[in-house]
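Numbering (my numbering), first residue to last: -5 to 205. Notes follow once the structure below has been shown.
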């Protein structure tokens, strides 16, 4: 204890200051912990296919948001596959038939299935355009399996809990970016056309109703 000038003892304020400092520190820590827990418990916005970014054949970043509000047929393509000619022709025909106002074929080359897509992005572009007159978007060559899988295509495969076992799997994505149907390469293109056409009709009717 300290002493006053008259010799009377007085209690030191140091212990009180230390107690206050400890209390203040604990309060700050508890507040920070509460804010951290609140932030972590806040529901995250659910991603959809159109929320991702990809790269085109020239390496430029492309936001898939530009396709929101439309139907999309997402396909893993290859240039040297037994399914190449039949599928590229059918996909181009479907893309032209349904138009780009409400529908797009979106092609993603992948080199993970044998030697069916050995070329560079420029090789792929030249092959598709010169042989099949392709006008639908073809994006940069990606991986769709393993730890290096492209995030956008990973969303596709996780949505249906299926990973393509070969080239030319097709995934129908609705205007909200959700996968609604998928087909294997041997499935009939007529069935795919019917489903895509039905979805496009829904989009057109919905837009008319909103006018």
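Cβ atoms here follow ideal geometry from the backbone N, Cα and C, with glycine treated the same way.
- Shown here, residue 170 sits in coil according to DSSP, grouped into three states, outside any helix or strand.
- Secondary structure of residue 47 (DSSP, three-state): strand.
- Between residue 159 and the set 108, 167 and 175, the nearest pair of CA atoms involves 108.
- A distance of 8 Å or more separates the beta carbons of residue 72 and residue 166.
- When rounded, the separation of the alpha-carbon atoms in residue 80 and residue 203 is 38 Å.
- Taking a C-beta distance under 8 Å as the contact criterion, residue 102 and residue 56 do not qualify as a contact pair.
- Short of 7 Å from the beta carbon of residue 168, and not among the five residues preceding or following it, lie these beta carbons of its own chain, in chain order: 65, 174 and 193.
- Residue 98 has 66 as its beta-bridge partners, per DSSP.
- For residue 134 against residue 53, the beta-carbon gap comes to about 6 Å, under 8 Å, which counts as contact.
- In this structure, the beta-carbon distance from residue 126 to residue 61 does not fall below 8 Å.
- Counting the other CB atoms within 10 Å of its CB gives residue 140 a total below 16, which places it among the exposed residues.
- Out of 155, 90 and 119, the CA that lies nearest to the CA of residue 177 is found in 155.
- DSSP places residue 128 outside both helix and strand once states are collapsed to three, so it counts as coil.
- Boundaries of the alpha helix (DSSP H) around residue 153: 145 to 154.
- Counting only the Cα atoms, residue 146 lies some 8 Å from residue 44.
- Nearest Cα to residue 164 within the set 47, 77 and 50: 77.
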